[in-house]
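Q:
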């Protein structure tokens with residue numbers, strides 16, 4: 032699994048968006064990470080292990096792909112919403128979200144079969 036270079040920033044953005052401090056996030060990982068571990072990851076001093084990534088995704092309520100994709104789902108939705116074409120943005124975001132979630136699910140299923 033590739034960890035993007037901006038993983039620490041991405042983690043902090045997701046944590047703050049959920050109104051969590053580092054201690055609360057550490058507690059939400061059920062012991063998988065300490066507060067100091069969260070700090071080190073956000074600073075870029077530590078690369079999370081696969082089990083830590085899974086704990087973080089559960090604690091933040093996002094998929095592993097949202098944490099580790101080169102372009103997270105939230106950024107892809109924003110890009111689509113900024114299109115120059117006049118469309119019903121709500122409808123477009125709903126359709127795009129469904130398609131991207133399907134893509135992520137298929138990648139997870141196909142990835143687990145290749146392992």
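Residue numbers (the numbering used here): 32 to 146.
All C-beta atoms in this analysis are idealised placements derived from N, C-alpha and C, irrespective of residue type, glycine included.
Is the stretch 128-141 touching the stretch 63-81, taking contact as three or more C-beta pairs under 8 Å?
A: No, the stretch 128-141 does not touch the stretch 63-81.
Q: Please return the same chain residues whose Cβ sits closer than 8 Å to the Cβ of residue 35, not counting the five positions on each side in sequence.
A: Cβ neighbours of residue 35 beyond the five flanking positions: 41, 99, 100, 101.
Q: CB-CB under 6 Å to residue 83, same chain, minus the five flanking residues each way: which ones, in chain order?
A: Result list for residue 83: 63, 64, in chain order.
Q: Do residue 54 and residue 91 count as a contact pair if the criterion is CB distance below 8 Å?
A: Not in contact: residue 91 and residue 54 (Cβ atoms no closer than 8 Å).
Q: What span of residues does the alpha helix (DSSP H) with residue 96 cover, start to end?
A: Run containing residue 96: 95-99, per the alpha helix (DSSP H) assignment.
Q: Starting from residue 79, trace the alpha helix (DSSP H) in both directions and tell me its first and last residue.
A: Looking at the DSSP string, residue 79 is not in any alpha helix (DSSP H), and its letter there is neither H nor E.
Q: Taking the continuous alpha helix (DSSP H) assigned at residue 69, which residues delimit it?
A: Element bounds for residue 69: 66-74.
Q: Which class does residue 33 belong to by DSSP, given the choice of helix, strand or coil?
A: Of the three classes helix, strand and coil, the one that applies to residue 33 here is coil, per DSSP.
Q: Shortest alpha-carbon distance to residue 45 belongs to which of 141, 89, 122?
A: Taking only the C-alpha atoms, the option nearest residue 45 is 89.
Q: For residue 78, is the classification buried or exposed, using 16 other Cβ atoms within 10 angstroms of its Cβ as the cut-off for buried?
A: With fewer than 16 Cβ atoms within 10 Å of its Cβ, residue 78 is classed as exposed.
Q: Only counting the same chain, and skipping five residues up and downstream in sequence, which positions put a Cβ closer than 8 Å to that of residue 133?
A: The answer is none, since no qualifying residue turns up.
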